[in-house]
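In this text, residue positions in the sequence shown follow the numbering used here: the first is 1, and each later residue adds one.
Backbone N, C-alpha and C define an ideal beta-carbon position, used for all residues, glycine too.
Quick caveat, the model's predicted, so the values are computed rather than measured.
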Amino acid sequence: MKKSIVFLFVLLFSVILSAQNIVVESFVYLKNDLTANREGTIVYDHYNREKCALIKVRSIPYIDGFTFDVGALGIEKTEIVGGEIWLYVPHGVRRISIWHKDLGYLDDYDLGVSVEKAKTYLLTLKVGRVSQVINE
């Protein structure tokens, strides 16, 4: 019984630690950024052919290898541009889940607003450091 309680405590502690390695520092609407509505960078959603919103994701420090999910509406397109990950999503998205194989996950983060079509947003993540150790 005592071992079961210790195991459960360790398991819960590891889940809490993994969630703290990815933190949303900010989510803002970039009113002067017309990328989501500019010829050559417009993406249309496949359900009703409306212009997608663009969420530009930056991590501090820069780390790649993220996976994103916005629920049933889905992500229309993902691309890496410079040091950013661009997520094209249908309007109405309000929550995002973020995973990284080394940093863990952040489930169902509420963006605070529903994204609007043809608008550009910036999601800034503060992440724990990932280091790789090579043993000889």
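- From the DSSP output, in three-state form, read off G104 for me. strand
- What three-state label does DSSP hand L72 in the structure shown? Checking the sequence, you will find Ala at residue 72 rather than Leu. Three-state DSSP puts A72 in a helix.
- G112 versus D69, I22, V23, F27, residue with shortest Cα-Cα distance: F27
- Message: Looking at the secondary structure, which residues open and close the beta strand (DSSP E) in which E79 lies?
- Response: 77 to 81
- Give a yes or no on contact between the region 95 to 103 and the region 28 to 41, applying the rule of three or more CB pairs nearer than 8 Å. no
- Message: Quick check: Y29 and K126, are their CB atoms within less than 8 Å of each other?
- Response: no
- Among E25, R95, L123, L106, nearest to V70 - alpha-carbon criterion: R95
- Over what stretch of residues does the beta strand (DSSP E) that includes E25 continue unbroken? 22 to 29
- Task: To the nearest angstrom, report how far apart G92 and R58 are at their CA atoms.
- Result: 21 Å
- Flag this pair as yes or no: are the beta carbons of E50 and K117 separated by less than 8 Å? yes
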